[in-house]
Structure formats: C-alpha cells, structure tokens
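Asker: There's a structure below that I have some questions on.
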Amino acid sequence: MNFSNLLLQWYLQHKRDLPWRKTQSPYFIWLSEIMLQQTRVAQGTPYY
Numbered sequence: 255m256n257f258s259n260l261l262l263q264w265y266l267q268h269k270r271d272l273p274w275r276k277t278q279s280p281y282f283i284w285l286s287e288i289m290l291q292q293t294r295v296a297q298g299t300p301y302y
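Numbering (our numbering) for the sequence shown: 255 to 302.
Here's what the structure looks like:
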C-alpha cells in the first residue's frame, strides 16, 4: 500500500463531520475558507 492510500484510509477513519464538506456551492466553500483563516473550527461552525 502506498502513502497516498494510507493517508486516504486514515482520513476516512478520522475525518470530522463538518457542514462545509457537504456542499458543492463554490460560495459556501469560499466562505468557510475565509472564516477558518481567522477562526478555530469550533468557533466558526455555528456561524456557518
């Protein structure tokens, strides 16, 4: 198994359920990127 497969397996087992991972909207993805540059995930999630 190569490194990229190991990394993907780890991600699938440990990923957090975050609301911006469920959207395909470029605007909401961009918004989450901007928000999370200045804010911790726990603080930014309620505002998303």
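For glycine and all other residues, C-beta sits at the position ideal for the given N, C-alpha and C.
(1) Assuming residue 302 contacts residue 274 under a Cβ cut-off of 8 Å, what Cβ separation, rounded to an integer in Å, is found between them?
(2) Closer than 8 Å by C-beta to residue 299: which residues in its own chain qualify, once you throw out the five before and the five after it? Chain order, please.
(3) Tell me the DSSP secondary structure of residue 299 in three-state form.
(4) Tell me the DSSP secondary structure of residue 255 in three-state form.
(5) Leaving aside the five residues before and after residue 286 along the sequence, list all residues of the same chain whose C-beta is less than 7 Å from its C-beta, in chain order.
Answerer: In brief:
(1) 6 Å
(2) 272, 273
(3) helix
(4) coil
(5) 274, 302
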